[in-house]
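Residue numbers (the UniProt record's numbering): 1 to 356.
A short write-up of the structure that comes next.
Have a look at this one:
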């Protein structure tokens, strides 16, 4: 069973597990009116396989799965979550923590369950510098946003109250492309920031040049989740990311993006300067003043970065030793080649507005 099958990661994992011969039950969170429409879209994408079935249910409803037949459910991949960095506290709690509890309670009733894969984030550690190990995070901690906090809380809930389940936690880095070729079918805050940069709407960037930015591709994440779910190590935690020495820094990203953008005539003609890095206090003051001005271009630009800004001042050394050992074939792309390919795709498609 896969929660979040309508999402980018969940759908990709479903496709991969179907290829490996699994029967898939997809939990679709939609109203009765558009459930059939979403199922039709999923079948058009994933194929008309008899091994693929869908059930309608909201994980925030503790009774949504009470009538679902648990016979034959051997694996659960819980990828459903609200992943926006600017998610409100109450929604993050309801969806990412309470919703996870409901799925975990359902999992307790699955007698044949061999693996419960919980999809988390490498930023569940919060605002910490230094080594981040593939172990349990100990509190209390501070966080850049409610999304990070909710993932920390959901991990703690799983570890504290559901020790009898064959769970594993997979903390995923930021997905910036579908694969090593740089194509992008789903954009996030990373792509939006580059868009602001390209159109000259971002002259200041909060952060320190040496901060590592942990990027991965969708193919890398999906393949890892599918493989580790089939070879589950109970009560294990892995970081689906690359090591710090395989990871670009904020300064390198800004320089590479500026150099690639500068190859475009329309970018050069606007005489856009390379963004300057600023300290946290200065950015906070600027963002606060922009917010008071109302819905201006500046307030919207700064507002898209603000929920994650504090992370751009923390130098994390995310360890992935357990992950590398568990994976049959680990490989990291050249980060500069990947970033250049992503920038090229975004420029060519104008962030999805043109055909690729």
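We put the beta carbon where it would ideally sit given N, CA and C, even for glycine.
Helix, strand or coil: how does DSSP classify residue 298 here?
-> helix
Which runs of the alpha helix (DSSP H) spanning at least 4 residues fall entirely within the region 20 to 74, listed in chain order?
-> 32 to 46
Quickly, what does DSSP pair residue 174 with across the bridge? List them, please.
-> 215
Return helix, strand or coil for residue 282, following the three-state DSSP convention.
-> helix
Among 3, 136, 189, 74, which one has its Cα closest to the Cα of residue 110?
-> 74
Whole-number beta carbon distance between residue 155 and residue 137, since they are thought to touch under 8 Å | 7 Å
What's the C-alpha gap between residue 250 and residue 183?
-> 21 Å
Compare the Cα-Cα distances from residue 237 to each of 166, 199, 175, 128 and report the closest residue.
-> 166
Between residue 330 and the rest of its own chain, which residues show a CB-CB distance below 8 Å, the 5 nearest in sequence each way excluded?
-> 323, 324
Using the C-alpha atoms, what's the distance from residue 142 back to residue 345?
-> 36 Å
Chain-order list of residues whose beta-carbon lies under 6 Å from that of residue 196 (same chain, five-residue window excluded) = 202, 301
Taking the alpha-carbon positions, what's the residue 206 to residue 313 distance?
-> 8 Å
C-beta atoms of residue 257 and residue 216 nearer than 8 Å = no
Residue closest to residue 170, alpha-carbon to alpha-carbon, out of 309, 222, 351, 285 | 222
Beta-bridge partners of residue 180, as assigned by DSSP = Residue 180 is not bridged to any residue.
What does a CB cutoff of less than 7 Å around residue 96 pick up in its chain, not counting 5 residues either side in sequence?
-> 81, 82, 150, 151, 154
Looking at C-alpha atoms only, which residue of 304, 255, 309, 51 is the closest neighbour of residue 278?
-> 309
Under a three-way DSSP split, which group does residue 129 fall into?
-> coil
Would you identify the three-state DSSP class for residue 106, choosing helix, strand or coil?
-> helix
Near residue 213, which residues of its chain fall below 8 Å by C-beta distance, leaving aside the five closest residues on each side in sequence?
-> 174, 247, 248, 249, 250, 253
Contact belief for residue 177 with residue 148 at Cβ below 8 Å, rounded distance in angstroms | Between residue 148 and residue 177 the Cβ distance is about 23 Å, and since that is not below 8 Å, they are no contact.
Tell me, to the nearest whole angstrom, how far the beta carbon of residue 57 is from that of residue 65; I am working on the premise that it is less than 8 Å.
-> 6 Å
According to the Cβ coordinates, are residue 122 and residue 79 closer than 8 Å?
-> no
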